[in-house]
Amino acid sequence: MADPIVCMSWNDHANEVARGWKSLLENNSFVDCTIAAEGKSLKVHRLILSACSPYFHTLFKEENEKHPIVFLRDTSYHTLKTLIDFVYNGKVEIPAGELEIFLELAVSLQIKGLNNSLRNDRRINILGSAAGESPR
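Numbering (my numbering), first residue to last: 3 to 138.
Structure follows, in structure tokens:
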């Protein structure tokens, strides 16, 4: 008779991974890529960007550099930083007036969780708005 299978589960896995990603970003630990806009740069992790974006996955899959530098033209550093914060934390708070440009960058970089927001009319929770209310 075969041994019974035991299932081990880490109940808070997703939250711990998110905290770990945030810590890696804040401490510049194990960074292996630089992403830049407006002459300013952020040190990031190819693995995390690749997991969250088909665009970055394809870009880094074909990249042979040990520490590539990605320059984003026509992108504000502030918007880029906000988007990277979203990638690492899974959420971000931004002024409603910056939402459109933020989503446009997310769509152009194919960021999961945001890349279909403009096309599919997903509802975005804006703090201070009524529950379920669309930001239109």
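We put the beta carbon where it would ideally sit given N, CA and C, even for glycine.
This one's a predicted model, so the numbers in the text were calculated from it and none came from an experiment.
Subject >> Contiguous beta strand (DSSP E) assignments of at least 3 residues, all confined to the segment 80–115 >> reply: Here no run is fully enclosed.
Original post:
Which residue's Cα is closest to the Cα of Phe73: Pro97, Val46, Cys54, Ala98?
Top reply: Nearest C-alpha to Phe73: Val46.
**OP:** Tell me where the beta strand (DSSP E) around Ala38 begins and ends.
**Re:** Run containing Ala38: 35–39, per the beta strand (DSSP E) assignment.
Subject >> For Val19, the first and last residue of its enclosing alpha helix (DSSP H) >> reply: In this chain, the alpha helix (DSSP H) harbouring Val19 covers 15–28.
Original post:
How about Val94 and Thr81: do their beta carbons lie closer than 8 Å?
Top reply: Val94 places its beta carbon 8 Å or farther from that of Thr81.
Original post:
Would the segment 10–23 and the segment 53–60 be scored as touching if the rule is three or more Cβ pairs under 8 Å?
Top reply: Contact annotation: the segment 10–23 does not touch the segment 53–60, with fewer than three C-beta pairs closer than 8 Å.
Original post:
For Arg75, is the classification buried or exposed, using 16 other Cβ atoms within 10 angstroms of its Cβ as the cut-off for buried?
Top reply: Exposed is the label assigned to Arg75, since fewer than 16 other Cβ atoms lie within 10 Å of its Cβ.
Subject >> Simplified DSSP state of Ile7, which is helix, strand or coil >> reply: Correct three-state label for Ile7: coil.
**OP:** Name the one or two DSSP bridge partners that Lys58 has.
**Re:** Note that residue 58 is Phe in the sequence shown, not Lys. Per DSSP, none; premise fails for Phe58.
Original post:
When the Cα of Ile50 is compared with those of Ala38, Leu26, Val109, Asn66, which residue comes out closest?
Top reply: Nearest C-alpha to Ile50: Leu26.
**OP:** Would you kindly work out how many angstroms separate the C-alpha atoms of Asp34 and Ala98, rounded to a whole number?
**Re:** The straight-line gap from Cα to Cα measures roughly 32 Å.
Original post:
Grouping DSSP H, G and I as helix and E and B as strand, with all else coil, what is Leu139?
Top reply: In the structure as shown, the chain starts at 3 and stops at 138, and residue 139 therefore has no counterpart that could be examined.
**OP:** Quickly, what does DSSP pair Phe73 with across the bridge? List them, please.
**Re:** The partner list for Phe73 (beta bridge, DSSP) reads Ala38.
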